[in-house]
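Chains as they are written, first to last, in UniProt numbering: chain Y, 1 to 122; chain X, 1 to 122. Here a beta-carbon is modelled for each residue, glycine too, at the ideal position from N, C-alpha and C. The structure displayed is predicted, hence computed values, not measured ones.
Protein chains: 2
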Amino acid sequence: MTDMTTAMDQSHELISSARVEGTPVYSPQGDKLGTIHAVMIHKTTGQVAYAVLQFGGLFGIGSHVHPLPWDKITYDAGRHGYVADVTREQIEDAPSLDLDATDRIRESETPMYSYWDSKPYW
Amino acid sequence: MTDMTTAMDQSHELISSARVEGTPVYSPQGDKLGTIHAVMIHKTTGQVAYAVLQFGGLFGIGSHVHPLPWDKITYDAGRHGYVADVTREQIEDAPSLDLDATDRIRESETPMYSYWDSKPYW
Chain Y
1 MTDMTTAMDQ SHELISSARV EGTPVYSPQG DKLGTIHAVM IHKTTGQVAY AVLQFGGLFG
61 IGSHVHPLPW DKITYDAGRH GYVADVTREQ IEDAPSLDLD ATDRIRESET PMYSYWDSKP
121 YW
Chain X
1 MTDMTTAMDQ SHELISSARV EGTPVYSPQG DKLGTIHAVM IHKTTGQVAY AVLQFGGLFG
61 IGSHVHPLPW DKITYDAGRH GYVADVTREQ IEDAPSLDLD ATDRIRESET PMYSYWDSKP
121 YW
């Protein structure tokens, strides 16, 4: 989505979902780890559970996606992207999800949070 | 964004940001109040602060947008959209924001939450 929302100052407290989507994620060393496809939001609480990373190409039926907890990524205005202190190998080793199961994650997400030593959102 | 994410079952706990965007919002009587342009996410906590509604047309410089607290909208699978127990007139009377200020809302959002008698996210 291209509009003014995507052109805002990076220094503010809030960020538009439209700007998060499509934003690259880099390692601290500057390697591109992937792109944020979308964030998954808990319907009732409005809490972002995790970001879904994409590694290029389009998703199709049967795609596996790589969830990354929100608290693992930090916006870096200088890089125009997010930085996660993880490696591509860690992401590839991390629990993946069937794309069509990304919204019914509760029972399946515990391994993801354990793997990343991250705090579940609930 | 059109992909499998947008075709998922509506009954699960999480929802993709990509599916929220572009989704209509109806009154309980079925009147279309607008469309969700995006949700604004607190960068640190990952909490959705509010949804930005769009009333048709594209945003340009100087556009005013209408924020609606997340807890005012509920997904209705039967309507394939959200339902908010508000009227179009209430939305038009509610505090609006310059689009380019939607991510620096803290100081300006208090009237919005007061108007809607809603709980601020922070």
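Inter-residue Cα distance where the pair is residue i and residue j
{"i": "P69(Y)", "j": "A18(X)", "result": "17 Å"}
{"i": "Y75(Y)", "j": "V86(Y)", "result": "14 Å"}
{"i": "H96(X)", "j": "Y82(Y)", "result": "The sequence shown places Ser at residue 96(X), rather than the His named in the question. Rounded to whole angstroms, S96(X) to Y82(Y) spans 30 Å at the Cα level."}
{"i": "S16(Y)", "j": "V39(X)", "result": "6 Å"}
{"i": "S27(Y)", "j": "A49(Y)", "result": "21 Å"}
{"i": "G22(X)", "j": "H37(X)", "result": "6 Å"}
{"i": "E92(X)", "j": "V65(X)", "result": "10 Å"}
{"i": "P24(X)", "j": "D117(X)", "result": "22 Å"}
{"i": "A7(X)", "j": "H80(X)", "result": "Residue placement at A7(X) cannot be trusted, given a pLDDT of 37 that sits under 50; the coordinates are not used to answer."}
{"i": "K72(X)", "j": "Y115(X)", "result": "12 Å"}
{"i": "A14(Y)", "j": "H12(X)", "result": "It should be noted that the sequence gives Leu, not Ala, for residue 14(Y). Going by the C-alpha atoms only, they are around 26 Å apart."}
{"i": "V20(Y)", "j": "Y113(Y)", "result": "21 Å"}
{"i": "A84(X)", "j": "I41(Y)", "result": "18 Å"}
{"i": "R88(X)", "j": "K32(X)", "result": "8 Å"}
{"i": "A77(Y)", "j": "V52(X)", "result": "23 Å"}
{"i": "Q90(Y)", "j": "A94(X)", "result": "47 Å"}
Cross-chain neighbours of residue i in chain Y, by beta carbon under 8 Å
{"i": "W116(X)", "result": "By Cβ distance, chain Y contributes nothing, its closest Cβ being about 14 Å from W116(X), past 8 Å."}
{"i": "M40(X)", "result": "L14, I15, S16 and S17"}
Cross-chain neighbours of residue i in chain Y, by beta carbon under 9 Å
{"i": "Y75(X)", "result": "K43"}
Chain Y contact for residue i (CB, 7 Å cutoff)
{"i": "V83(X)", "result": "no"}
{"i": "T6(X)", "result": "In this prediction, T6(X) scores a pLDDT of 40, lower than 50, which makes its location untrustworthy; the coordinate-derived value is nonetheless stated afterwards. Not an interface residue."}
Chain X residues whose Cβ lies nearer than 9 Å to that of residue i
{"i": "Q47(Y)", "result": "T45, G46, Q47 and V48"}
Residue i - partner residues in DSSP beta bridges
{"i": "H80(X)", "result": "Paired residues: none, contrary to the question."}
{"i": "A51(Y)", "result": "V39(Y) and L68(Y)"}
Proximity test, residue i beta-carbon vs the ligand NAP heavy atom, cut-off 6 Å
{"i": "T45(X)", "result": "As for the ligand NAP, it is missing from this structure, which has no ligand bound."}
Short CB-CB distance (under 7 Å) between residue i and chain X
{"i": "A94(Y)", "result": "no"}
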